Structures are given as structure tokens and as C-alpha cells.
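So the structure is just underneath, and the comments pick up after that.
And the structure:
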């Protein structure tokens, strides 16, 4: 009996010894994974928050309502006579309908009180603004190539509220250029607006690849 | 060599019509007034250094007027002013040999086969200046300083031209942004061709003597097509085989001779200021 007890104790002791040594072996492994996890969180969660700053648009604009009323994008985002694109409308375009309040929405009241009556421009923040060295012709893409606005700008016409404008603190470029996915993964054509994305489509369609096609 | 253009007129390749933009400068008409230089600086946001406006080595000119002389004494002395934009060299053969393009390690400059314009991408350039060494025409200039304009003048900058930062090379682009603008208009009118008068460089329009003519060298309807074929037409340093797209015309034989390098007589009687 006693011998068997001793044996069991010895076995238990042996097990304890082996357990202790394997635990010691695991310490650096666990430390590595713990550190890996910490830096993963920093890299994927905290760093993007530090990298991008956020601003709200001056007015919470309802695109869907306006598209329903006006018909299409070109009613407000129109081409000028010389073929250049007007981009974000000036307040003079808004006055055409909103000289006085059309409804009772507080955002419309804000538009009239803060911008239209004092005759000020609305300081819209452009999500799709490219860096200064980039030349982009809306006429070439919309008129000649027949691209949909959606292809690059996404379903913005269906939005009921403006989303916050995020920009890179270092470069001051809009986050839409890099894309909202921090890993740079894109699932839709409008997810990113980097040079690679322009080049990808240009290559597919056999457009001239010379630098001066898109740079200035 | 002068008629080495074998490509057809405005033929289709890929998406757009193929052009070969070039210039013919009549040196008999040029008075050396420098209006082309001023117009170029204003058009292309070229900064100027207030403290040393007379130091031509540190001033960045895309268009530069040289003064050349036949070196003779009175009454045989004669001078000629020679405006010099970028030559937009095409080179010869299939692998074109634009001197600056072949040496650039950053691919910051390329030759566009659809327009014949040599580009310079400032955001890609890292300022090694190989291209400046390679260019036989001293066309390329380096930004030794960050651009600075007198207060309030920033408001007059051309929004179509990106200002350059310190440490990059820049050069004449044949006012490429004007072609982009002209194309915009053409596209909105549902055509691909750009008319001759729709795309003209700033120096061409500024020249009070009408010495500069600009257009598509391959298009018989453009004025440059005939002008480049006149017997007095020549190009600078043709012997190097750079195949430049800027032609000069002069009725004076010594001017035509001064434009090329003659071994043995190199540099004789040619001065520039």
C-alpha cells in the first residue's frame, strides 16, 4: 500500500515537475502573443483613430430627398459651358429653390439663416478632393466614357444624412482617397480613389498610360 | 532630318487622336522683349526670387530668351534673340531616346506618344538632377528653394498648374493644362479632336511680334506643318539625334549655323547671356 502511495506521489511529483518546465517554456510564447495582440489593437484600432481627424459637414444634407425632387445628379452637379465640372454647388444654386424656407426642417432654417441671408458660401467639405498634383476631367469620364457617377462616388445619392468627413492629419487628404478600410481592401469600385484604382480602370479600357493624362 | 515625321495625320491609336505638338519660332521676328518668359512664369506658377532677379542661374525659367552674336566687329556685327522652351525631344526609332526620360531613375518624366509632350511629375521627382545633366538644351531647372510669392500674389496663381516644392526639377510642359482644358470643352461638345486655336501655349499668345507658332506638326491644316518645311527651318543640336519638336526659322545663315555643334569650331562666336 505504502509503496503504491509512494509511487503515486512520485508520479504526481514527476508530473508537477514536467508541468512546471512546460509552463516556463510557454511564458515567452504567451508574452509574444499578448504583445502581438496589443500591437494589433494599436495598429488596427487606435492608430487609424490617431491618423484621421474628423469633421462634421456644415449642414446635414439629405441627398435622397433632393434627388427625388430634382431628378438626377446633373441638376445640381452640372457641367459648365466650357466643359469644366461645377462640383459642389455654390449657395447661388441653392437660392434658386431656398430663397425662403420651403419647409420646417431645422437644417433648412440653418441654411437660410447662416448662409443664404448673409450671402455666404457654405463651407462644404469635399470627400472626393484629390491631391493638388492630380488632374481629373469629369467631361472625359462622364461624357466620353459614359461612366455612372456611382462608379467613383458610390451610392451617395441615396444617403439621407451626411457622413462625417475624415481627413489624414499629416497629408490633409480626405479619407475617401485611401479608402475607409484601413487595410486598403476594396469590394466596390468606389471604395478607394488612389492612383492604382484609376490606373486599374485605365488599363482595362486601354486608355493612354502617360503621366500627363492624370497629373498636372 | 527635318522631315523625319512618318506618322500619319492625326491617326487613331487607343482612345484619342494622335498629335505631335510642336513649335516653329521665327527668329527674324523675335525682338528679345521677353514677353514670352513673363507670360510663361505667370501661366505656370513659376516663383521668382525677389532678392536676385538678375541672377539668371538661380531663376527658374521654363522659357528663356538667349542672345547670340556672330562675334563680328562693326559693321558686320549681328545679334539674334533665341527663345528656348522645352524641345520635347522625340528621339528616333521605336525605343524613343528622349535624353531626360531615359536617365530618370524615378520614372518622374515620360514621353506621351499621344501628344508628343514630355511630362514632369513633381510629386514623383526626388531631385537627383540626372535629367538636367542629360538635357542638351539646359531646359530643366531645379527648385533650390520653396516657392515664395509676394503677399497677395498667391491669389493670382493658376489653379490648373500645381506649384512645385523645393528639391524637384521642373520644365516647360507646352502648357499641357491648356490642352486638358481644351479637351474638356471638346468632350462636352461630343468630339475628340482639339482645334488648333483651342490649344495654344501662353508664350505663343503673348508674343507681340507673332514669332511663335504652335500646333500639331503632323496635321497639314495647322500652320506649323508648312512652316517647319520651309528651307530656312532648323532645329537646335540636330546632330545629337534628339529629334526636337521645336523648330526655328531664320533668314540669316550664321544663325542657322550657330544652332548646331560643329566640331573644331565649337563655341566660336556664340555667347549667351
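Residue numbers (our numbering), protein chains in the order written: chain A, 1 to 216; chain B, 1001 to 1273.
In this text, a Cβ means the ideal position worked out from N, Cα and C, and glycines have one as well.
Model, not experiment: these values are computed from the prediction.
Contacting residues, own chain, Cβ-Cβ under 7 angstroms from residue i (five flanking each side not counted)
{"i": "residue 202/A", "result": "209"}
{"i": "residue 131/A", "result": "173"}
{"i": "residue 215/A", "result": "133, 134, 135"}
{"i": "residue 186/A", "result": "179, 192"}
{"i": "residue 1041/B", "result": "1048"}
Straight-line gap, residue i to residue j (C-alpha atoms, nearest Å)
{"i": "residue 1188/B", "j": "residue 143/A", "result": "6 angstroms"}
{"i": "residue 1182/B", "j": "residue 107/A", "result": "40 angstroms"}
{"i": "residue 1161/B", "j": "residue 211/A", "result": "14 angstroms"}
{"i": "residue 1152/B", "j": "residue 1049/B", "result": "16 angstroms"}
{"i": "residue 1007/B", "j": "residue 1171/B", "result": "Note that residue 1007/B scores a pLDDT of 38, beneath 50, so its modelled location is shaky and nothing firm can be said."}
{"i": "residue 1103/B", "j": "residue 1253/B", "result": "34 angstroms"}
{"i": "residue 171/A", "j": "residue 102/A", "result": "40 angstroms"}
{"i": "residue 1279/B", "j": "residue 1175/B", "result": "This structure gives no information on residue 1279/B, because the portion of chain B shown stretches from 1001 to 1273."}
{"i": "residue 1259/B", "j": "residue 1112/B", "result": "26 angstroms"}
{"i": "residue 1025/B", "j": "residue 1119/B", "result": "21 angstroms"}
{"i": "residue 1219/B", "j": "residue 1028/B", "result": "25 angstroms"}
{"i": "residue 1100/B", "j": "residue 1063/B", "result": "17 angstroms"}
{"i": "residue 100/A", "j": "residue 126/A", "result": "26 angstroms"}
{"i": "residue 147/A", "j": "residue 78/A", "result": "15 angstroms"}
{"i": "residue 165/A", "j": "residue 1130/B", "result": "41 angstroms"}
{"i": "residue 1194/B", "j": "residue 1185/B", "result": "9 angstroms"}
{"i": "residue 205/A", "j": "residue 1158/B", "result": "31 angstroms"}
{"i": "residue 1141/B", "j": "residue 1164/B", "result": "11 angstroms"}
{"i": "residue 1167/B", "j": "residue 1146/B", "result": "8 angstroms"}
{"i": "residue 1126/B", "j": "residue 1110/B", "result": "15 angstroms"}
{"i": "residue 49/A", "j": "residue 194/A", "result": "20 angstroms"}
{"i": "residue 188/A", "j": "residue 118/A", "result": "41 angstroms"}
Nonlocal neighbours in the same chain, by C-beta distance under 6 angstroms from residue i, ignoring five residues either side
{"i": "residue 1032/B", "result": "1065, 1081"}
{"i": "residue 1019/B", "result": "1115, 1216"}
{"i": "residue 152/A", "result": "190"}
{"i": "residue 1198/B", "result": "1182"}
{"i": "residue 122/A", "result": "58, 91, 115"}
{"i": "residue 1206/B", "result": "1035, 1036, 1039"}
Chain A contact residues for residue i, given Cβ-Cβ distances below 8 angstroms
{"i": "residue 1161/B", "result": "216"}
{"i": "residue 1180/B", "result": "135, 137, 216"}
{"i": "residue 1143/B", "result": "By Cβ distance, chain A contributes nothing, its closest Cβ being about 14 angstroms from residue 1143/B, past 8 angstroms."}
{"i": "residue 1176/B", "result": "212, 216"}
Three-way DSSP call (helix, strand, coil) for residue i in this model
{"i": "residue 1255/B", "result": "helix"}
{"i": "residue 1226/B", "result": "helix"}
{"i": "residue 173/A", "result": "coil"}
{"i": "residue 1025/B", "result": "strand"}
{"i": "residue 1080/B", "result": "strand"}
{"i": "residue 54/A", "result": "strand"}
{"i": "residue 1178/B", "result": "helix"}
{"i": "residue 1012/B", "result": "Caution applies to residue 1012/B, whose pLDDT of 46 falls short of 50 and renders its modelled position unreliable; the value that the coordinates give is listed next. Note: residue 1012/B maps to strand in three-state DSSP."}
{"i": "residue 168/A", "result": "strand"}
{"i": "residue 47/A", "result": "helix"}
{"i": "residue 151/A", "result": "helix"}
{"i": "residue 1199/B", "result": "coil"}
{"i": "residue 122/A", "result": "coil"}
{"i": "residue 1061/B", "result": "coil"}
{"i": "residue 1218/B", "result": "coil"}
{"i": "residue 1139/B", "result": "coil"}
{"i": "residue 90/A", "result": "coil"}
{"i": "residue 85/A", "result": "strand"}
{"i": "residue 1233/B", "result": "strand"}
{"i": "residue 1048/B", "result": "coil"}
{"i": "residue 141/A", "result": "helix"}
{"i": "residue 1007/B", "result": "Low local confidence applies: a pLDDT of 38 at residue 1007/B is under 50, so the model's placement there is unreliable, with the coordinate-based value given in what follows. Coil, per DSSP."}
Chain B contact residues for residue i, given Cβ-Cβ distances below 7 angstroms
{"i": "residue 139/A", "result": "1184, 1187, 1188"}
Cutoff 8 angstroms; reference residue i; Cβ partners in own chain excluding five residues on either side
{"i": "residue 1079/B", "result": "1067, 1068, 1069, 1070"}
{"i": "residue 98/A", "result": "108, 111, 112, 116"}
{"i": "residue 1087/B", "result": "1137, 1139, 1235, 1236, 1242, 1244, 1245, 1246"}
{"i": "residue 1224/B", "result": "1022, 1023, 1024, 1213, 1214, 1215, 1216, 1217, 1247"}
{"i": "residue 2/A", "result": "Summary for residue 2/A: the model assigns pLDDT 48, below 50, so the residue's position carries little reliability, and this model does not support an answer."}
Partners in chain A for residue i, counting only beta-carbon separations shorter than 7 angstroms
{"i": "residue 1260/B", "result": "Here the premise fails: no neighbours, minimum Cβ distance about 30 angstroms."}
Chain B residues whose Cβ lies nearer than 9 angstroms to that of residue i
{"i": "residue 210/A", "result": "1110, 1111, 1112, 1113, 1114, 1115, 1117, 1119"}
{"i": "residue 126/A", "result": "In chain order: nothing, as chain B lies at least about 14 angstroms away."}
{"i": "residue 83/A", "result": "1181, 1182, 1183, 1184, 1185, 1186, 1187, 1188, 1189"}
8 angstroms Cβ cut-off: residues of chain B touching residue i
{"i": "residue 129/A", "result": "Neighbours of residue 129/A on chain B: none; closest Cβ ~13 angstroms, over 8 angstroms."}
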